[in-house]
DNA sequence: AACCCGGGGTA
DNA sequence: TACCCAGGGTT
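Residue numbers (our numbering): 50 to 402.
This is the structure in structure tokens:
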């Protein structure tokens, strides 16, 4: 049900308190009719999938400096993009980012389509991102539903159904409430509200522009919403990795398979990661030394404990797995975090030798 | 519909 | 520790 008074209160609050972000157009420019660049909106929204604003900002600045337009990104080598994405997580996003940029250039003349429906056909653009780009970049009245919006709706309407079962209900409530005017600002306003006032714990209901219409607050249950079905405990998986350095300083690395965990990223040769330990074979014959300690890292659905071995090998070494990456082409920042942790731990050992 | 997929900040 | 996050793809 539309609520013009609530919409006005929210937009007033947004105009006064909108968070500054590199991909946003400031209020002054917006009043002069400046629209955000669809490329920058798209890039920021993909980076923001399951990732916080604080984590995204530096990556966004780096990407737009390296590749100012979608055509620049489409022309970039895969390894360059995967390397720049390293550390941000959910690496399927980076693969789909490139696919999408190349599709925009090849199929849409280098311009993003301006409807939610057309945006939905592009790789890596789902219901949330399609609505966000349509509303923010193209001023279309699309309903944006992310974790913030789900929480705000669950509280505003005191929805007791637990997530994820409640998703359709919360989406319908958000759609019914979406106004026709200023769709992009409205979408970002609800999300800002969820991020800064209607927070998961200890919501600041006393300063909320929607406090009067909020059933959750009236019933005193806002902080307990949305309800969630319990999650499964994460199992512990074990693995071994081998870090070999050649005499010329090159490191033995692999490009991981294009799909699955850390797909398409650089990594150290090693065993599979399983709950039961696995012996495994080193990738090259050498005098392997055990690295004291272990790497601990938590993924979406398991905890990993990684045992490391390190060796210095001759120029004549012939590895059965992996490729020696020359020192000048190896940047530790190109590694996903678990692999960078392994490098850091093994490097400490090298100093002692 | 269920499952897979990172990483960091926060309480 | 557990939870949270401007979700999407695959099967």
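Using N, Cα and C, we set each Cβ at its ideal position, and we do this for glycine too.
Remember, predicted model here, so these are calculated numbers, not experimental data.
Please determine, among the options, the residue with the shortest C-alpha to C-alpha distance to residue i.
i: residue 268; options: 204, 79, 318 and 310; result: 204
i: residue 225; options: 345, 206 and 139; result: 206
i: residue 89; options: 137, 56, 183 and 51; result: 183
i: residue 151; options: 127, 132, 65 and 105; result: 127
i: residue 213; options: 332, 229 and 195; result: 195
i: residue 218; options: 275, 55 and 235; result: 275
i: residue 165; options: 173, 178, 172 and 158; result: 178
i: residue 362; options: 231, 79 and 291; result: 291
i: residue 158; options: 172, 119 and 175; result: 119
i: residue 355; options: 365, 367, 106 and 342; result: 342
i: residue 331; options: 359, 304, 350 and 312; result: 359
i: residue 108; options: 394, 378, 72 and 293; result: 72
i: residue 243; options: 198, 265, 236 and 235; result: 198
i: residue 169; options: 208, 215, 231 and 91; result: 91
i: residue 51; options: 227, 103, 77 and 130; result: 227
i: residue 63; options: 85, 174, 387 and 232; result: 232
i: residue 104; options: 253, 305 and 134; result: 134
i: residue 338; options: 396, 138 and 369; result: 396
i: residue 175; options: 79, 76, 146 and 393; result: 146
i: residue 188; options: 163, 321 and 117; result: 163
i: residue 201; options: 210, 247, 306 and 350; result: 247
i: residue 386; options: 357, 350, 346 and 352; result: 346
Decide if residue i is buried, meaning its Cβ has at least 16 other Cβ atoms within 10 Å, or exposed.
i: residue 402; result: Any reading at residue 402 must be qualified, since the residue scores a pLDDT of 45, below 50, and its modelled position is unreliable; the value itself is stated next. Classification for residue 402: exposed.
i: residue 83; result: exposed
i: residue 240; result: buried
i: residue 115; result: exposed
i: residue 28; result: In the structure as shown, the chain starts at 50 and stops at 402, and residue 28 therefore has no counterpart that could be examined.
i: residue 384; result: buried
i: residue 251; result: exposed
i: residue 192; result: buried
i: residue 81; result: exposed
i: residue 255; result: exposed
i: residue 160; result: exposed
i: residue 249; result: exposed
i: residue 400; result: Because residue 400 carries a pLDDT of 40, less than 50, the predicted location of this residue cannot be relied on, and no value is offered for it.
i: residue 221; result: exposed
i: residue 318; result: buried
i: residue 364; result: exposed
i: residue 314; result: buried
i: residue 289; result: buried
i: residue 93; result: buried
i: residue 266; result: buried
i: residue 234; result: buried
i: residue 335; result: buried
i: residue 54; result: exposed
i: residue 223; result: buried
i: residue 253; result: exposed
Mind reading off the beta-carbon distance from residue i to residue j? Whole number of angstroms is fine, and I expect it under 8 Å.
i: residue 390; j: residue 344; result: 5 Å
i: residue 286; j: residue 324; result: 6 Å
i: residue 186; j: residue 87; result: 4 Å
i: residue 333; j: residue 368; result: 4 Å
Exercise. Can you list, in chain order, the stretches of the alpha helix (DSSP H) that have 4 or more residues and sit fully within the segment 51 to 106?
Worked result: 53 to 66, 76 to 80 and 87 to 96
Exercise. Would you say the segment 366 to 384 touches the segment 256 to 271, given that touching needs at least three Cβ pairs under 8 Å?
Worked result: no
Exercise. Does the count of Cβ pairs from the segment 91 to 106 and the segment 139 to 149 closer than 8 Å reach three?
Worked result: yes
For this session: Could you say if the segment 120 to 139 and the segment 147 to 165 meet the contact criterion of at least three C-beta pairs nearer than 8 Å?
Result: yes
Problem set entry | In chain order, each alpha helix (DSSP H) run of at least 4 residues that lies wholly inside the segment 120 to 174 | 127 to 134, 141 to 157 and 165 to 168
For this session: Assess, as a yes-or-no matter, whether the segment 249 to 259 is touched by the segment 58 to 71 under the definition of 3 or more beta carbon pairs within less than 8 Å.
Result: yes
Exercise. In chain order, which continuous runs of the beta strand (DSSP E) of length 3 or greater are located wholly inside the segment 183 to 265?
Worked result: none
Exercise. Are there three or more Cβ pairs, one per stretch, closer than 8 Å when the segment 275 to 290 is compared with the segment 299 to 306?
Worked result: no
Exercise. Hey, which unbroken runs of the alpha helix (DSSP H) at 4 residues or more fall wholly within the segment 297 to 351?
Worked result: none
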